[in-house]
Amino acid sequence: MAFPPTNAVSLFTAAGKRGLLEVSRPHGGAFTRDTLLQDGAQSLFQAWRTDSTPLYRHTFGPAVFDAGLTLFGWHNKPLHDTLYTQPAAVLEQFVARGHGTVEHYPLTAWAGFDHWSANYYHWVAHTLPALRYFLDHGGDTDVFLLPPLTPWQEDSLALAGLEPQRRMIVHPGTRYGFERMVYTDFIRGKADFTSSTIARTAYRALCSATNPAPLPAGRFIFIDRGTAPNRHVPNGAALAAAFMQLGFERVYPERLSLREQITLFAQARMVAGFLGAGLANIAWCQKDTLVYELVPSHHQNPCFLAMCIQGGLRYWGELVQTGVPGQDHTSPATVAADTSRIIRHARELMQHAMHTG
């Protein structure tokens, strides 16, 4: 990637060294039915393996954080590898704002969120593991940087055990200066395709704090994307109705509190749904829960298979043709999903889930 002439530097340059958080081995998925259904269908991502990318913590200072750009700097030089899912032009904006007012704090702060922190998946996959590591390794007077919080984000912090005095809410439009900054690779998505022990520990801690009551028979859950604008399917309502006729509960996760979501998914025997933020709730599922992911043909992303591997869940990926050429993560489907095929496979997987695990 070519960066504009902004004297941008790397985290490693600013820190001078880095500390290893963890390294995980490559793992493949546990595919239900030995990856083959009665009609010969096979699961998506059979050959895929999690990454063995090492995860690091970077400590540097003096540090600057621009909350509006969600970008960190060192001696007013932007750290280009903290520019997560934003255009390189943001680096120039960081430099241009360098002559403005900075609120200085003589303390150590830890990076706590990314550019998409309002997205449920990003919060679960990036903030919660970073928070777990902070709680286990941060100093007593260190603070964890956070955006203005939604109720479900506030609940997650309470369940994780983050005391108010260790939180620091930062606001867009303000630039903050710190004596020292700790940045973990979770915040820039480096753990998304690994089998992270730290992430798994973070999710188990929230489940334990919620203490969901077990259900012997388990629950069969279909995640409805509702009015979500991204990757809309023309016949989504009909597909959801077909899942309900099969015996699935139709769930809108965004209408539930975080505690309700954790409890619901911890009681699941099988979870089905399209790739999307709501599927991040499989983080709360118990070992051997079956996940049936409907994957749009124009956004074939194995991040939820990685989460299944991490949590010891069984997986089946159904490729859903959308009629959208190329690859992107927002376009709606231009053709209806093949409901008969999806439901036929769901019925077979459901029977398998009821007799295993």
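For what it's worth, my numbering labels the leading residue of the sequence shown as 226, then goes sequentially. Positions of the beta carbon are idealized from the N, C-alpha and C atoms, including for glycine.
Query: For ALA227, three-class secondary structure by DSSP; Result: Annotation note: pLDDT 47 at ALA227 (below 50); position unreliable, no value reported.
Query: Nearest neighbour of PHE490, chosen from SER482, ILE507, TRP299 and ARG274 [CA to CA]; Result: ILE507
Query: Status (buried if at least 16 other CB within 10 Å, exposed otherwise) for HIS570; Result: buried
Query: Counted within 10 angstroms of its Cβ, other Cβ atoms place LYS302 as buried (16 or more) or exposed; Result: buried
Query: Straight-line gap, ALA355 to GLN470 (C-alpha atoms, nearest Å); Result: 40 Å
Query: Among ALA343, LEU431, ASP449 and THR352, the one whose alpha carbon lies nearest that of ASP417; Result: THR352
Query: Given 8 Å, three or more beta-carbon pairs between the stretch 294 to 301 and the stretch 242 to 255; Result: no
Query: Close beta carbons around PHE445, own chain, < 7 Å, minus the five adjacent residues each side; Result: GLY472, PHE473, GLU474, ARG494, MET495 and MET575
Query: Cβ neighbour criterion (16 or more within 10 Å) applied to GLN194; Result: The shown model of the chain, from 226 to 582, leaves out residue 194, and the question about it has no answer.
Query: CB of THR366 within 9 Å of CB of TRP541, strictly; Result: no
Query: Identity of the residues DSSP links to TRP299 by a beta bridge; Result: ALA288 and LYS302
Query: Pair within 9 Å by beta-carbon distance, ALA280 and ALA336; Result: Just to set this straight, residue 280 is Leu in the shown sequence, not Ala. In this structure, ALA336 does not lie closer than 9 Å to LEU280 by Cβ.
Query: Segments of 4+ residues assigned as alpha helix (DSSP H) that fall wholly inside the stretch 510 to 544; Result: 528 to 536
Query: Distance between TYR330 and GLY241 (C-alpha atoms, nearest Å); Result: 22 Å
Query: Buried or exposed (CB count within 10 angstroms, at least 16 for buried), LEU304; Result: buried
Query: Spatially closest choice to PRO178 from GLU485, TRP341 and ARG450, by CA coordinates; Result: Lying outside 226 to 582, the shown extent of the chain, residue 178 is not represented and no answer is given.
Query: Simplified DSSP state of GLN552, which is helix, strand or coil; Result: coil
Query: Selection from LEU483, PHE285, THR326 and GLU573 that minimises the alpha carbon distance to ASP291; Result: THR326
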